[in-house]
């Protein structure tokens, strides 16, 4: 007699963005499909169609009662799934398939896909504080000014020439060469107002991402605050110089940027609506633009070695949030050597994303849409 199927609350729904890469990611997709087939009594795999909303798909899975909903894709897909799950009971899992994978790397989720699949079956979910801008979740960064314009230009270039690192950097050059002037911004952080003329406000939430670009501010983030970068007023050539310094990981505080920090941020500028980039996703938002935190908004499956895993002891984790070990001992995904990536190779990965690139500065768009 076949064993009874797990209750829906014990089941896992994987939301796979098949457009999250090329140049090798097809093998990762095949491995995930094989994993779902081997564990069909517990795992449901759903492919996201091009242009589909990861947030809507996550909300649907959550509404059906799945106990774990997994984002398989780049940081944009992961952010979208987080948007659909925050504030609910469902656990969130991560299968990193993007170019930079800042969120997964920051949590020490394995980049090798077999080990990441194993974590889904045997890991424990821990509460995570998430950032928001005007009510919308973001996991790595959000920004106003020239960076959203870079992402907009990048969409046009990718559609015409395809996705590549060269195309990503070319979009930076073209945007900055077309730059006209900085904006006057009123930035209020924890009640203290700063008035600046600046082409860019970059609000960072990923300590790992800052460290990859050799930028200060990681300790501020680990202390539970935002690291807020203000670019100095500069000409288009000055901005191009800053972009080159950033790519070379040689930017210096005070000389090349102003660094502020806090937990509540409000940005005002001329005009009622502003283009905001949020983990690579672009949207028009109504002023004032407000940044803040939501405590314990997500339950995320992560390794016990993660810095965030210590925030809640195993005894305090509700039974419903602990992943139950049911992995097949013969499953090659259990730490086996698959076609996935091994080790944190920083930013020197191939351009593997179709809808989910990285989103550093001047990293790549990770919008979950063609960009």
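Residue numbers (the working numbering): 954 to 1324.
Glycine included, C-beta positions come from ideal geometry on N, C-alpha and C.
Small disclaimer: the values here were computed from a predicted structure and weren't measured.
Margin query: So, with DSSP's three-state summary, where would you put residue 1187?
Written below: coil
Next item on the list: Put residue 1280 into one of helix, strand or coil per three-state DSSP.
Entry: Bear in mind that a pLDDT of 37 at residue 1280, under 50, signals an unreliable position, so the model cannot answer this.
Item checked: Continuous alpha helix (DSSP H) stretch holding residue 1168: start and end -> Neither: residue 1168 is in no alpha helix (DSSP H) and is coded neither H nor E.
Notebook entry, point to check: By a C-beta neighbour count over all protein chains shown, 10 Å radius and 16 as the cutoff for buried, is residue 1150 buried or exposed?
Noted result: Taking all protein chains shown into account, residue 1150 has fewer than 16 neighbouring C-beta atoms within 10 Å of its C-beta and is therefore exposed.
Check: Which same chain residues, not among the five before or five after residue 1135, have their C-beta less than 6 Å away from its C-beta?
Finding: 1150, 1151, 1152, 1186
Next item on the list: State the Cα-Cα distance for the pair residue 972 and residue 1007, rounded to the nearest angstrom.
Entry: 12 Å
Check: How big is the Cα-Cα spacing for residue 1174 and residue 1129?
Finding: 28 Å
Checklist line | Local Cβ density within 10 Å of residue 1031, reported as buried at 16 or more and exposed below that | finding: buried
Margin query: For the pair the region 1097-1107 and the region 1058-1068, tell me if three or more CB-CB distances fall below 8 Å.
Written below: Cβ pair count under 8 Å is below three, so no.
Checklist line | residue 1205 classed as buried or exposed, judged by whether at least 16 other C-beta atoms fall within 10 angstroms | finding: exposed
Next item on the list: Report the rounded CA-to-CA distance for residue 960 versus residue 1194, giving the unit in angstroms.
Entry: 57 Å
Next item on the list: Using alpha carbons as the reference points, say which of 1218, 1167, 1166 lies closest to residue 1084.
Entry: Comparing alpha-carbon positions, the option among 1218, 1167, 1166 lying closest to residue 1084 turns out to be 1218.
Next item on the list: Compute the beta-carbon to beta-carbon distance between residue 1087 and residue 1157, rounded to the nearest angstrom, for a pair I have assumed lies under 8 Å.
Entry: Contact doesn't hold; Cβ gap of about 17 Å is too wide.
Note to self: Measuring CB atoms only, is the region 981-993 touching the region 1039-1046, in the sense that at least three cross pairs come out at less than 8 Å?
What the structure shows: no
Note to self: What residue range does the alpha helix (DSSP H) around residue 1215 cover?
What the structure shows: Taken as a continuous stretch (DSSP letters only), residue 1215 belongs to no alpha helix (DSSP H), being part of the beta strand (DSSP E) at 1211-1215.
Item checked: Endpoints, beta strand (DSSP E) assigned at residue 1332 -> For residue 1332 there is no data in the structure shown, the boundaries of the chain being 954 and 1324.
Checklist line | Same chain, Cβ closer than 8 Å to residue 1216, neighbours up to 5 away in sequence not counted | finding: 1143, 1177, 1178, 1179, 1245, 1246
Notebook entry, point to check: Using DSSP with H/G/I as helix, E/B as strand and the rest coil, what is residue 1034?
Noted result: In this structure, residue 1034 counts as helix in the three-state DSSP scheme.
Check: Quick one: what does DSSP say residue 1286 is sitting in, helix, strand or coil?
Finding: A caution first: residue 1286 carries a pLDDT of 35, below 50, which makes its placement in the model unreliable, though a value can still be read off. The answer is coil: DSSP assigns residue 1286 none of H, G, I, E or B.
Notebook entry, point to check: When you compare only the Cα positions, how much space is there between residue 1292 and residue 1164?
Noted result: Low local confidence applies: a pLDDT of 35 at residue 1292 is under 50, so the model's placement there is unreliable, and no value is given.
Checklist line | residue 1129 - containing beta strand (DSSP E), residue span | finding: No beta strand (DSSP E) holds residue 1129; the alpha helix (DSSP H) holding it covers 1118-1130.
Notebook entry, point to check: Can you list, in chain order, the residues of its chain whose CB lies under 6 Å from that of residue 964, leaving out five sequence neighbours each side?
Noted result: 995, 1019
Margin query: What does the alpha-carbon distance come out to for the pair residue 982 and residue 1079?
Written below: 27 Å
Checklist line | Cross-strand partners of residue 948 (DSSP beta bridge) | finding: As displayed, the chain neither begins before 954 nor continues past 1324, which places residue 948 out of reach and without an answer.
Next item on the list: Please go through the same chain and pick out, in chain order, the residues whose beta-carbon is closer than 6 Å to the beta-carbon of residue 1003, but skip the five residues on each side of it.
Entry: 972
Check: In angstroms, rounded to a whole number, what distance separates the CA positions of residue 1166 and residue 1103?
Finding: 18 Å
Note to self: Taking DSSP's pairing of strands, which residues face residue 1079 in a bridge?
What the structure shows: 1253
Notebook entry, point to check: What separation, rounded to the nearest whole angstrom, lies between the Cα atoms of residue 1264 and residue 1034?
Noted result: Here the model assigns residue 1264 a pLDDT of 45, short of 50, so the residue's position is not dependable, and the following value carries that caveat. Their Cα atoms are separated by approximately 22 Å.
Next item on the list: Whole angstroms is fine: what's the gap from residue 1015's alpha carbon to residue 1192's?
Entry: 44 Å
Margin query: For a minimum of 4 consecutive residues, which ranges assigned as the alpha helix (DSSP H) are wholly contained in the region 964-1032?
Written below: Within the region 964-1032, the complete alpha helix (DSSP H) runs of at least 4 residues are 978-991, 1007-1017.
Check: Is residue 1223 closer than 9 Å to residue 1148 when the C-beta atoms are compared?
Finding: No; because the gap between Cβ atoms is not below 9 Å, this pair is not in contact.
Margin query: Helix, strand or coil, according to DSSP, for residue 1241 in the structure here?
Written below: Secondary structure of residue 1241 (DSSP, three-state): coil.
Checklist line | Local conformation of residue 1300 per DSSP, three classes | finding: At residue 1300 the pLDDT is 29, less than 50, meaning the model places this residue with poor confidence; the figure from the coordinates comes in the next sentence. In the structure shown, residue 1300 sits in coil (DSSP, three-state: anything other than H, G, I, E or B).
Next item on the list: Whole angstroms is fine: what's the gap from residue 1001's alpha carbon to residue 1038's?
Entry: 16 Å
Margin query: Helix, strand or coil for residue 1092? Go by DSSP, reduced to three states.
Written below: coil
Next item on the list: Rank 966, 978, 1048, 970 by C-alpha distance to the C-alpha of residue 993 and give the top, closest one.
Entry: Looking at the Cα atoms, 966 is the closest of the given residues.
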